[in-house]
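A quick write-up on the structure given underneath.
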Amino acid sequence: MENVQATGPILVLNGPNLNMLGTRQPEIYGADTLDDVVALCERTAARFGREVVAFQSNHEGALIDRIQQARGEVSAIVINPGGLTHTSVALRDALVIPEVPIVEVHISNVHAREEFRHHSYVSPIATAVIAGLGIQGYAAAIEFLGAR
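Numbering (our numbering), first residue to last: -11 to 136.
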């Protein structure tokens, strides 16, 4: 299978509970909403002449279905798997299917939090990992991919 050119859309995936950004633990995740994240990604991608396709689900299977659908449709994936980061081998296995660069993003510094958050099933297959920059981590991910 041929990969989509580097100018193709970037899939921005958000996992469980990220739909609650702006209201869920603002002392950890800030006051920005998921809509703010998507708008930031779109603005950043536009600077590189790129499009963003955004998807969020609280359901592991829906995220896996969307990743499988992305094969041949997107040039890269930016993913904040939320709590699935630390638990989902199935999500990790799905992420290799599209055969595109993957940037794992976490709003908080997961390494400064509870011990169980220190392990990621996604990091070993990711091209890059960004943690602790707030929602600016998404912009950094898009900039990294846009410059490739």
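Ideal Cβ placement from N, Cα and C applies to all residues, glycine included.
Apart from the 5 residues on each side of it in sequence, Val77 sits with its Cβ closer than 8 Å to the Cβ of Tyr109 in its chain, given in chain order. At the C-beta level, Ala27 and Leu(-1) stay beyond 9 Å of one another. Judged by their CB atoms, Leu79 and Pro69 are nearer to each other than the 9 Å cut-off. Out of Leu121, Ile55, Ile130, Val91, the CA that lies nearest to the CA of Gln44 is found in Ile55.
When the beta-carbon positions are compared, Ala129 and Val66 come within less than 9 Å of each other.
Between Arg105 and Ala(-6), the gap from beta carbon to beta carbon reaches 9 Å or more. Rounded to whole angstroms, the separation of the alpha carbons of Asn5 and Gly122 is 15 Å. For Glu92, the enclosing beta strand (DSSP E) stretches over residues 90 to 94.
Glu39 and Cys29 have their C-alpha atoms spaced approximately 9 Å apart. Counting along the chain, Val117 sits inside the beta strand (DSSP E) bounded by residues 116 to 119. For secondary structure counted as the beta strand (DSSP E) over 3 or more consecutive residues, the stretch 57 to 82 holds these complete runs in sequence order: 64 to 68. Counting the other Cβ atoms within 10 Å of the Cβ of Glu92 gives 16 or more, which makes it buried.
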